[in-house]
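Q: In order, the protein sequence lines correspond to chains U and A.
For our numbering, count along the first sequence from 1 and bump the result up by 165.
For our numbering, count along the second sequence from 1 and bump the result up by 877.
Ideal Cβ positions, reconstructed from N, Cα and C, are used throughout, including at glycine.
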Amino acid sequence: MADAPQLPDDAETRARWGNFAWTPENAVKAQEIMGRYPAGRQLSCSIPYLDLAQRQVGAETNTQGWLPIPVIEFVAREIGVPYIRIFEVATFYTMFNLVPVGRYHVQVCGTTPCMLRGSDDVMAACKARGLKKGHTTEDGLFTLTEVECMGNCSSAPMVQINDDNFEDLDYDRTLVILDALARGESPKTGTQEPGRHTVEPLGEPTNLAAMETGNHDYRGEW
Amino acid sequence: MPKLTVDGIEVEVPAGATVLQACEAAGKEIPRFCYHERLSIAGNCRMCLVEVKPGPPKPQASCALPAADNQEIRTDSPMVKAAREGVMEFLLINHPLDCPICDQGGECDLQDQSVAYGRGHSRYTENKRAVTEKYMGPIIKTIMTRCIQCTRCVRFGEEVAGVEDIGAIYRGENMQITTYLEKAFKSELSGNAVDLCPVGALTHKPVAFEYRSWELKKNLSIDVMDAVGTNIRLDSRGRQVMRVLPRINEDVNEEWAHDKTRYHVDALVRRRLDKPYVRKDGKLVEASWDEAFDAIAVAAKKAGSSVAAIAGDLLDCETMYAAKALVKALGSDLLEGRQTGLAYDVSNLGSVAFNTTIAGIEDADAILLVGSNLRFEAPLINTRVRKAIKKGAKVFAIGEETDLTYKVEWLGNDLSILGKLPDRAAEAIDAAKKPVLIVGPGALKAGQGATLAMASAFQRAATETEGAWNGFNVVHTAAARMGGLMLGYAQKGGIADIVAAAPKLTFFLGADEVNFEGFKDSFKVYVGHHGDQGAHHADVILPGATYAEKPGTYVNLEGRVQRADRAVFAPGDAREDWTILRALSDRLGHTLPFDSFEQLRAEMANEVPALGREGLAGYDFSPPKLAATASGPVGYAVADFYLTNAICRASPTMQRCSAELIHGEDFAEAAE
């Protein structure tokens, strides 16, 4: 419970975000999203709407974006459901930030495969650049979060920074990426292993190397 | 109609029934926390696991599994026992074992089921989860660490109350039940969420730490806070009613009760009139019964037959009958119960009753509300309307727009609309098989004729499969209203007729809503239980009993005659009302012909036979011919739901509810 985010001060966020409304472009997008679902199923829009709203807040604040309470209420009004229904969704998914984050939201995977492949080094690299778990750096550039499996186990360890994944990391590679981001560059996304393209095996295949011809029935041996 | 066996017992259940219901039909008890008959199925507590063949070789949640032909269910196998023990052990991992200080202790589902189905000890040695308390308003006290996340309260808010304030936020181990931003749960039915809670996470705030459930003596009674006639149980300890719980009556209240029904009881020991008072030199002073009776006798001698009786909203039929007999003996027939000045035509009781019956509302497919804020006039009828909407009913309303907890098409706030309904509403009503017209007290005032003129549009002749349908309904707000009308507590012109007759002696039987200006020259005798308006204006106060302190007959707005029992005795010198009237009649020299309550009841049944039988009185419906034109806006009868009668107004809990939920005062910071 102690980890649960402390929602920011009500009066202040209401003053800042109380007049939140879609930008013209986002209004068009919202219209399109609403059109995807049949009448009576408007609640299905809640996740795409919250995402859209978070991105709009991000664009306005030049961060990855977060969801102030008035914005959540705006989304609920747009969909036409009680506030609590959207609040439940926003609090359930960790991708929705309930507190402000920095320009880059560094989400380090710390689940077993990444940990075995060296996510501790990635964490150490983040720490070396002044990132602290659950906090935003003072320049407002980075927010560090430890997350559970992001499904990149075959190119572990990895981080997700905003919408991009950076895989096959180690201490130095992480530093390179963080420094590049800090300079405002866009480092190469995906695997950082030279010569690797996606998640194909490194070197020769170690199993299923040859086609099996026979059809061995193991069941009797169990 | 699937046929299946449960532990070898063959049962046949209706199509669509669940395995859990099939097990119950076979007489097997299935432990459960999240499943509730009146809520949607969640299937998240996993306590109802049973073994099902054919199916996967693992236990299955019976509450969410449809019963099917040829299923073999086992509820007594080792697998089921192990599953229940496992689920219970998991549930108790994060549950504090604070039963000794928990208000739910003794009536806790978790407690009972862990005794019956648990392992007796836990293998868990880590720290338990702790959750901060959530503010949920003046009624619900929360100890959220106890919550097992069955989500019954969430589903209740969404499905029954229609006030979606409660939800489950965050996820996994961090999941918490809370109201939106910890604001009050703004429902008039919020107390039911406490009853639904299977553990001690939600408890009754007004009576926190005041009793243990096993100390209470239970008596069956009928609620008098509104005209629905909610069946209740009064739980008392010693001479004090500690709490009110609803009883199940599918025809009336299902198993709900609104907050006024539940939490007014703290007023039964506050502001009570427990001694007779006589006004001397403009001041009310304590007196003995004899002095009080003497004062009345003097006034009665002067008054002769110029006597009247005004019945209050909370009265039982017996009191009204005794008063009627007394007034009659004194030579008058000036009786009135409609204190606020309503003067609708009562020549035919069917045309002022709730004819579809409360349960019948569920079948309605088009509903027109006229001047009725059902949510506050009869909250438990409002829940039925919600149910009808779920089945596809359309609701139209004439009146000031307000939040009824469901979607309403507002036609405007003008009674002249009655004569010329917009096409959409008119077509919906014409096309409906079971249309319903609900006339609120606001519309009775000016629009009785206009609504009665429309009654035929809401009637359907009997068909081969269905009986005749009469969709004309009137909502009253006073528990005593229908009984009073049956006993003749109505003048043609309402209370104005009484004022015009200028009685020299007037009995106010718990009547506090009267405009006492009109009775300046009358000698006012107040027979009642709370020091409110009536007592304030009285010349003599005779302390009576509340509904909890006397047995009685009540007639609800459908005309359903119901009987209540005495739960406790009246405080101090206060007496049951009929005994006061009987003793007074003796002193006035017109001794009433009954010496016991049974005799009184028999006399009453003699005069009005319907009052002698429990159940629907069955009024015939032959509307009187009245002027069918009406115009102008309609108002709602209930201005402040929590403060509608003398008992509520004396209740600190109801005052707090009114201040916080109706008038928006902020108490959130003050709470612990």
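1) Give the interface partners of A:Y1283 over in chain U, defined as CB-CB distance under 8 Å, in chain order.
2) What does DSSP give as the partner residues of A:G1429 in its beta bridges?
3) Mind checking which residues open and close the beta strand (DSSP E) that includes A:G1044?
4) Counting only Cβ pairs nearer than 8 Å, list the residues of chain A close to U:R250.
5) With a threshold of 16 other CB atoms inside 10 Å of the CB of A:Y1140, please say whether the residue is buried or exposed.
6) Is there a Cβ of chain U sitting closer than 8 Å to that of A:R1147, yes or no?
7) Applying a beta-carbon distance threshold of less than 9 Å, which residues of chain U neighbour A:R1048?
8) To the nearest angstrom, how far is the alpha carbon of A:S954 from that of A:A944?
9) Along the segment 184-206 of chain U, where does the CB come closer than 7 Å to a CB of chain A? Name the residues.
10) Is A:E928 closer than 8 Å to A:T882 when the C-beta atoms are compared?
11) With contact counted as at least three CB pairs below 8 Å, one residue from each stretch, are the segment 1094-1101 of chain A and the segment 1072-1081 of chain A in contact?
12) Quick one: which residues of the segment 1054-1068 of chain A get their C-beta closer than 9 Å to a C-beta of chain U? List them in chain order.
13) By DSSP, does A:I1306 sit in helix, in strand, or in coil?
14) Could you give the uninterrupted runs of the alpha helix (DSSP H) lying entirely in the segment 1012-1084 of chain A, keeping only those of 4 residues or more?
15) According to DSSP, is A:L881 part of a helix, a strand, or is it coil?
16) I'd like to know whether the C-beta of U:P247 is nearer than 8 Å to at least one C-beta of chain A.
17) Does U:E253 come within less than 8 Å of chain A when only Cβ atoms are used?
18) So, using beta-carbon positions, are U:I237 and A:D1042 closer together than 8 Å?
19) Assign A:I907 to one of three DSSP states: helix, strand, or coil.
20) Quick one: measure Cβ to Cβ for A:S1183 and A:P1380, integer angstroms, because I've assumed they're closer than 8 Å.
21) Expressed to the nearest angstrom, what Euclidean distance is found between the alpha-carbon atoms of A:E1549 and A:G1365?
22) Short of 6 Å in beta carbon distance, which residues of its chain neighbour A:P1428, apart from the five on each side in sequence? Order them along the chain.
23) If you reduce the DSSP assignment to three classes, tell me which class U:H270 lands in.
24) If you reduce the DSSP assignment to three classes, tell me which class U:Q171 lands in.
25) Taking the beta strand (DSSP E) that A:D1214 belongs to, which residues open and close that run?
26) With DSSP collapsed to three states, give me the class of U:E313.
27) So for U:M166, helix, strand or coil by DSSP?
28) Compare the Cα-Cα distances from U:P173 to each of U:P265, U:G283, U:V287 and report the closest residue.
29) Just list the alpha helix (DSSP H) runs in the segment 204-237 of chain U, keeping only unbroken ones of 4 residues or longer that don't cross its boundaries, in chain order.
30) Just mark A:N1004 as buried or exposed, buried being the case when its beta carbon has 16 or more other beta carbons within 10 Å.
31) What span of residues does the alpha helix (DSSP H) with A:M1119 cover, start to end?
32) Taking the Cβ atom as the reference point for each residue, do A:I1046 and U:E253 lie within a distance shorter than 8 Å?
33) Who are the near neighbours of U:A167 in its chain, counting only those whose CB is closer than 8 Å to its CB and skipping five residues on each side?
34) What's the C-alpha gap between A:T1279 and A:A1415?
35) Would you list the one or two residues that DSSP bridges to U:G355?
36) Could you check what DSSP says for A:A1547 in three-state terms: helix, strand or coil?
A: Short version:
1) Per Cβ cutoff of 8 Å: no residues; A:Y1283 is ~13 Å from chain U at best.
2) Beta-bridge pairing links A:G1429 to A:A1441.
3) Note, A:G1044: beta strand (DSSP E), 1043-1046.
4) The contacting residues are E1041, G1044.
5) Under the 10 Å beta carbon count, A:Y1140 is surrounded by 16 or more other beta carbons and is classified as buried.
6) It does not; no Cβ of chain U falls within 8 Å.
7) Simply T256, F257, Y258, T259.
8) C-alpha separation (whole angstroms): 19 Å.
9) Answer set for the segment 184-206 of chain U: empty.
10) No, these two residues do not count as a Cβ contact at 8 Å.
11) Taking 8 Å as the limit for Cβ pairs, the verdict is that the segment 1072-1081 of chain A does not touch the segment 1094-1101 of chain A.
12) Residues T1055, T1056, Y1057, L1058.
13) When DSSP states are grouped into helix, strand and coil, A:I1306 belongs to the helix group.
14) Correct list: 1029-1032, 1068-1073.
15) For A:L881, the three-state secondary structure derived from DSSP is strand.
16) Yes - at least one Cβ of chain A is within 8 Å of the one on U:P247.
17) So yes, U:E253 belongs to the interface.
18) Against a cut-off of 8 Å, the Cβ pair of A:D1042 and U:I237 comes out as no contact.
19) In the three-state scheme derived from DSSP, where H, G and I count as helix and E and B as strand, A:I907 is classed as coil.
20) Between the beta-carbon of A:S1183 and that of A:P1380 there is about 5 Å, and that keeps the pair under the 8 Å contact cut.
21) Confidence in A:E1549 is poor, its pLDDT being 45 and thus under 50, which makes the residue's placement unreliable; the coordinate value appears in the next sentence. Using only the alpha carbons, I get a separation of about 51 Å.
22) If we look at A:P1428 and ignore the five residues flanking it on each side, its Cβ neighbours are D1442, R1443.
23) It is a strand residue.
24) Coil, per DSSP.
25) Sequence inspection shows Gly at residue 1214 of chain A; the Asp mentioned does not correspond to that position. It is not in any beta strand (DSSP E) - A:G1214 carries neither H nor E in the DSSP assignment.
26) Coil.
27) Its pLDDT being 44, under 50, U:M166 is placed unreliably in this model, and the coordinates cannot settle the point.
28) Residue nearest to U:P173 within the set U:P265, U:G283, U:V287 is U:P265 (criterion: CA-CA distance).
29) Within the segment 204-237 of chain U, the complete alpha helix (DSSP H) runs of at least 4 residues fall at 211-226.
30) With fewer than 16 other CB atoms across the displayed protein chains lying within 10 angstroms of its CB, A:N1004 is exposed.
31) Boundaries for A:M1119: no alpha helix (DSSP H) harbours it, while the beta strand (DSSP E) harbouring it runs 1117-1123, taken from the DSSP string.
32) The answer is yes: Cβ separation under 8 Å.
33) In this prediction, U:A167 has a pLDDT of 45, which is less than 50 and means its spatial position is unreliable; nothing more can be read from the coordinates.
34) Looking at the two C-alpha atoms, the distance is approximately 37 Å.
35) Answer is U:F331, bridged to U:G355.
36) Residue placement at A:A1547 is flagged as unreliable, the pLDDT there being 46, under the threshold of 50; the coordinate-derived value follows with that caveat. If DSSP states are grouped into helix, strand and coil, A:A1547 belongs with the helices.
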